[in-house]
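What follows is a short report on a single structure.
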Amino acid sequence: MTAKEAAEAFGKDTTRAVRKVKSLAPPEGEASEWDARYIGLEPEDMPKCESLEQVSLRTMCVWEELVVPALRANLRILVVAHGDSVRILQSAMDGADLDQ
């Protein structure tokens, strides 16, 4: 969902707050709204929403457990990401706070 779509669905104030407050999660989504790739999964196995803080924990776990060891082993890797996960990785590499 784009920021524009989120603002239309949840309101500008809610969307702005979710993007600025790391611990604030967006309103929960329904299984019927999932990307088609996730339709076969059980609803109870999928998060209905994630805060930026939760995305950060998940992203950094993958970075530290998979990406860093591969880089240290001089392996070539490709990280495919978008939006907040890119901001999180860039922030980690720059040593900057996400709010900057």
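Basically my numbering = 1-based index in the sequence shown + 13. Glycine included, every Cβ here is placed at the ideal spot set by N, Cα and C. Note that the coordinates shown come from a computational prediction; the quantities given were computed from them, not determined experimentally.
Residue i versus residue j - alpha carbon distance
i	j	result
K35	E66	5 Å
K130	D26	No information on residue 130 is available, as it lies outside the stretch 14 to 113 that the chain covers here.
W76	K61	23 Å
Y51	E43	12 Å
M59	R29	24 Å
L88	T72	20 Å
D48	H95	15 Å
DSSP-derived helix/strand/coil call for residue i
i	result
K17	helix
M106	helix
V92	coil
M73	helix
L37	coil
For residue j and residue i, believed in contact at Cβ under 8 Å, the rounded distance
i	j	result
E18	A38	With 8 Å as the limit, E18 and A38 do not qualify as a contact, their Cβ atoms being about 17 Å apart.
D110	S104	7 Å
Practice task
Please confirm if the segment 54 to 61 is in contact with the segment 84 to 95, defined as three or more CB-CB distances below 8 Å between the two stretches.
Solution key: Output reads no: the segment 84 to 95 does not touch the segment 54 to 61.
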